[in-house]
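If you're matching positions, the sequence shown starts at 251 in the numbering used here and goes up one per residue.
Virtual Cβ for every residue (Gly too), placed ideally from N, Cα, C.
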Amino acid sequence: MNQITRQRRARLRAGFASQANGAASRPSALDITDIRHFPVREPVSGARYSLLRVTTRAGLTGWGECRFDLNADVKALQSAWVGRPVYAYATIAPSTPCCAALDIALLDVLGKAANAPVYRILGGPTRNKVRAYSSL
Numbered sequence: 251m252n253q254i255t256r257q258r259r260a261r262l263r264a265g266f267a268s269q270a271n272g273a274a275s276r277p278s279a280l281d282i283t284d285i286r287h288f289p290v291r292e293p294v295s296g297a298r299y300s301l302l303r304v305t306t307r308a309g310l311t312g313w314g315e316c317r318f319d320l321n322a323d324v325k326a327l328q329s330a331w332v333g334r335p336v337y338a339y340a341t342i343a344p345s346t347p348c349c350a351a352l353d354i355a356l357l358d359v360l361g362k363a364a365n366a367p368v369y370r371i372l373g374g375p376t377r378n379k380v381r382a383y384s385s386l
């Protein structure tokens, strides 16, 4: 494990420790107040995917997307996440089909709140090149 990975994990642990000590029980400007689902269908290919919008108490919005239709999952997502802080993004269960959409939306809000790109929120650049791929 390299030094950058260790630093990122230490920052995440510190954030969750403050949550466990009661910091998350007080209302915060970064608490989630609404989660909305927008189904999208491409006209030519007919492919369906979902956009997810997360809104905070401060009025910040974050957007995420995934290749699944989230109609069935939105109610469960709302009951599990409305009222929670956006910085708890690392606690998203990876087994849910919409975890990518929620993760992206929460990181989008954090970037807007910090007035910084998401890669800086995650600890800054770690390499100059990244091999691109898609699973959509």
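Outcome for residue i when other beta-carbon atoms lying within 10 angstroms are tallied against a minimum of 16
{"i": "VAL304", "result": "buried"}
{"i": "THR376", "result": "exposed"}
{"i": "TYR369", "result": "exposed"}
{"i": "GLY309", "result": "exposed"}
{"i": "TYR337", "result": "buried"}
Whole-angstrom distance between residue j and residue i, CA atom to CA atom
{"i": "ALA274", "j": "PRO335", "result": "Confidence is the limiting factor: at ALA274 the pLDDT is only 48, short of 50, which leaves the residue's position unreliable, though a coordinate-based value still follows. Their Cα atoms are separated by approximately 7 Å."}
{"i": "ASP323", "j": "ARG298", "result": "15 Å"}
{"i": "CYS348", "j": "PHE318", "result": "7 Å"}
{"i": "LEU320", "j": "PRO289", "result": "8 Å"}
{"i": "LYS379", "j": "TRP331", "result": "34 Å"}
{"i": "SER300", "j": "HIS287", "result": "7 Å"}
{"i": "GLN253", "j": "LEU360", "result": "23 Å"}
Residue i and residue j closer than 9 Å at C-beta
{"i": "GLU315", "j": "ALA343", "result": "no"}
{"i": "LEU280", "j": "ALA340", "result": "no"}
Nearest-angstrom Cβ-Cβ length linking residue i and residue j, presumed shorter than 8 Å
{"i": "ALA355", "j": "GLY312", "result": "4 Å"}
{"i": "LEU352", "j": "LEU327", "result": "7 Å"}
{"i": "THR306", "j": "ILE285", "result": "Between ILE285 and THR306 the Cβ distance is about 11 Å, and since that is not below 8 Å, they are no contact."}
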